[in-house]
Ligand SMILES: [Zn+2]
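Numbering (the working numbering), first residue to last: 2 to 466.
As structure tokens, then:
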């Protein structure tokens, strides 16, 4: 049986857009100030979840709302279950929009709205993929469970709750339409290790404070230190260092102390090589002066060992897996106060198979630190091999419909794909697409959504027929 899935999508174009508009018009940002038992992440995400389940009910599916954390609907019978995992929450709209973020607007073939590409657009494209299979009455032998969450953008507490309370067995395999084509079949492990230092500080030069970085998964754009004591030619040396290293700086004198800031460039913590870590540059500059004790250790580690060490080579934790690629390290948050008992540097690692948080921790303990502790949150590496029929089928459908070559991809970030042992992310961004997720003027190309819907239709059919 050959079915022209693209033609089937075309017949439903207006319906698809109408359903998508109704979801995009709902501001489903998480709002903890308005959260309560009925609205675990605030009213917005719940409203969008209800709307989605209402659409599914209209189309004749049995639905289940799991206490407003997440919900699902099912189609088909059969022992084996294909899980599809999407999400209805969005990141805050922020400022800088040319249109109202919650008034979906099509301009030049682009649909502008918060959530258009992350993740309501892909969710609805995938929803229509399944709807086509249902309406054509195609024979299937497995069950499809389409799950939508409401807290993907924050802590995944929606899925923790869902898996505990949904009352159904975990799907056997599945995908998440929340990333890009051709596929993401691997996600590196993600953990943070904290280096601990005392505040002791008795050199000719004194480090009063050192602060840099906002979040563990971001490269610190800048860092600021307060220093005093014997600092010969401080201003001249700083200017020379900045010129040599191509960074900018600010310098001020306050109560006989220098307040010095070095400004680099921020980047996502999963690709630290794209940024310029202001904190490690500042430490490198300061490390030439006569600090002592913990301050000396702190600056030496930050400025010599962590400096430009994105693969963890100098730390002795570098590791590369043939399939999953190399470990990466982002020195994300620096906090040092001479009066504090505990001072820290937070190191965020994205690591492939073949190494462990404990191995990394053991290597870090060899540094001149008081202790090394491991974050409670985090996850282990996730990889579904190319040989798995799930991956093979999804790539095959992608190649057939686009004429492009499919290939595996491993990322340092995280998607709902890893919720299942045999889980991947699949679409809906195509290669070469402008990624506007989490940005002002987020958009989805309307034709891309239609192309994606046809791919999802065939992919789901191939997986459950
Ligand atoms: Zn998303």
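C-beta: ideal position from N, C-alpha, C; glycine also. Values in this document were obtained by computation on a predicted structure and should not be read as measured data.
Discussion item. With a threshold of 7 Å on Cβ separation, who are the neighbours of residue 42 within its own chain once the five nearest residues in sequence on each side are excluded?
Written reply: Once the five neighbours on either side are set aside, the close Cβ partners of residue 42 are 31, 36, 90, 151 and 152.
Fill in: Inter-residue spacing [alpha-carbon to alpha-carbon] between residue 446 and residue 25
About 15 Å.
Discussion item. Just to confirm before moving on: does the CB-CB distance between residue 399 and residue 324 stay below 8 Å?
Written reply: No, these two residues do not count as a Cβ contact at 8 Å.
Worksheet item: Once you ignore the five residues that flank residue 274 on each side, which residues in its own chain have a CB closer than 7 Å to its CB?
Response: 311, listed in sequence order.
Worksheet item: When the Cβ atoms of the stretch 181 to 198 are set against those of the stretch 425 to 432, are three or more pairs found closer than 8 Å?
Response: By the Cβ test, the stretch 181 to 198 is in contact with the stretch 425 to 432, since at least three Cβ pairs between them sit closer than 8 Å.
Item to complete: Compute every distance between the C-beta of residue 359 and the non-hydrogen atoms of ligand 1, then say whether any falls below 7 Å.
Response: Within 7 Å of the C-beta of residue 359 there is not a single heavy atom belonging to ligand 1.
Fill in: Cα-Cα separation, residue 272 to residue 3
C-alpha of residue 272 to C-alpha of residue 3: approximately 43 Å in a straight line.
Worksheet item: Between residue 137 and the rest of its own chain, which residues show a CB-CB distance below 8 Å, the 5 nearest in sequence each way excluded?
Response: So the qualifying residues of the chain are 4 and 9.
Practice prompt. Rounded to whole angstroms, what's the CA-CA distance from residue 204 to residue 286? Just pull it up for me.
Written response: Those two C-alpha atoms are separated by around 16 Å.
Practice prompt. Could you work out which residue in 147, 206, 118 and 347 is closest to residue 191 when comparing CA atoms only?
Written response: Selected option, being the one with the closest Cα: 347.
Item to complete: Out of 304, 162, 80 and 102, state which residue places its alpha-carbon closest to the alpha-carbon of residue 172.
Response: The shortest C-alpha separation from residue 172 is found at 80.
Worksheet item: Leaving out five residues before and five after residue 85 in sequence, what residues of the same chain have Cβ atoms less than 8 Å from its Cβ?
Response: Counting only Cβ-Cβ distances below 8 Å, and skipping sequence neighbours, we find 127, 131, 145, 146, 147, 148, 175, 176, 177, 178 and 461.
Practice prompt. Go through its chain and collect everything with a Cβ distance to residue 33's Cβ below 7 Å, but skip five positions before and after it.
Written response: Within the same chain, residue 33 has close Cβ partners 43.
Practice prompt. Could you tell me if the beta carbon of residue 153 falls within a distance shorter than 7 Å of some heavy atom in ligand 1?
Written response: The beta carbon of residue 153 sits closer than 7 Å to at least one heavy atom of ligand 1.
Fill in: Selection from 117, 165, 196 and 319 that minimises the alpha carbon distance to residue 298
Among 117, 165, 196 and 319, the Cα nearest to that of residue 298 is on 196.
Worksheet item: Of all residues in the structure, which have a C-beta closer than 5 Å to any heavy atom of ligand 1, taken in chain order?
Response: Here the residues come out as 119, 120 and 179.
Discussion item. Quick check on the burial criterion: 16 or more other C-beta atoms within 10 angstroms. Buried or exposed for residue 408?
Written reply: Counting Cβ neighbours within 10 Å, residue 408 comes out exposed, since fewer than 16 surround it.
Discussion item. With DSSP as the reference, identify every bridge partner of residue 197, one or two as the case may be.
Written reply: Answer is 345 and 372, bridged to residue 197.
Practice prompt. Starting from residue 148, follow the beta strand (DSSP E) in both directions and report where the run begins and ends.
Written response: Unbroken beta strand (DSSP E) run through residue 148: 144 to 150.
Item to complete: Would you please state the rounded distance, in angstroms, between the beta carbons of residue 352 and residue 316? I believe it to be under 8 Å.
Response: At roughly 12 Å, the Cβ-Cβ gap does not stay under 8 Å, so residue 352 and residue 316 are not in contact.
Fill in: Simplified DSSP state of residue 34, which is helix, strand or coil
In the structure shown, residue 34 adopts helical secondary structure according to DSSP, grouped into three states.
Practice prompt. In the DSSP assignment, find the beta strand (DSSP E) that holds residue 281 and state where it starts and stops.
Written response: No beta strand (DSSP E) holds residue 281; the alpha helix (DSSP H) holding it covers 279 to 287.
Discussion item. Considering only the alpha carbon of each residue, which of 70, 361 and 318 lies closest to residue 167?
Written reply: In this structure, 70 is the residue among 70, 361 and 318 with its C-alpha nearest to the C-alpha of residue 167.
Worksheet item: Cα separation between residue 116 and residue 452?
Response: Straight through space, the alpha carbons of residue 452 and residue 116 are spaced by roughly 18 Å.
Practice prompt. Could you tell me which residues DSSP pairs with residue 181 in its beta bridges?
Written response: Note: residue 181 sits in a beta bridge opposite 430.
Item to complete: Below 6 Å CB to CB, which residues in the same chain sit around residue 141 once its five sequence neighbours on both sides are set aside?
Response: 77, 465 and 466.
Fill in: Rounded straight-line distance, which links the Cα of residue 55 to that of residue 61
Distance from the CA atom of residue 61 to the CA atom of residue 55, rounded to whole angstroms, is 10 Å.
Worksheet item: Does the distance from the CB of residue 290 to the CB of residue 232 come in under 8 Å?
Response: Yes, they are a contact pair.
Discussion item. For residue 443 and residue 82, what's the separation of their Cα atoms in angstroms?
Written reply: So the two alpha carbons sit approximately 33 Å from each other.
Worksheet item: Rounded to the nearest angstrom, how far is the Cβ of residue 505 from that of residue 335, given a contact under 8 Å?
Response: Any property of residue 505 remains undetermined from this structure, which presents the chain solely from 2 to 466.
Item to complete: Using beta-carbon positions only, say whether residue 193 and residue 222 come within less than 8 Å of one another.
Response: The beta carbons of residue 193 and residue 222 sit no closer together than 8 Å.
Fill in: Inter-residue spacing [alpha-carbon to alpha-carbon] between residue 314 and residue 365
One Cα belongs to residue 314, the other to residue 365, and the distance between them is close to 12 Å.
Item to complete: Quick one: measure Cβ to Cβ for residue 200 and residue 340, integer angstroms, because I've assumed they're closer than 8 Å.
Response: Yes, they are in contact, since the Cβ atoms of residue 200 and residue 340 sit about 6 Å apart, within 8 Å.
Worksheet item: What residues in its chain sit with their C-beta under 8 Å from that of residue 306, if we drop five residues either side in the sequence?
Response: Contacts found: 315, 316 and 368.
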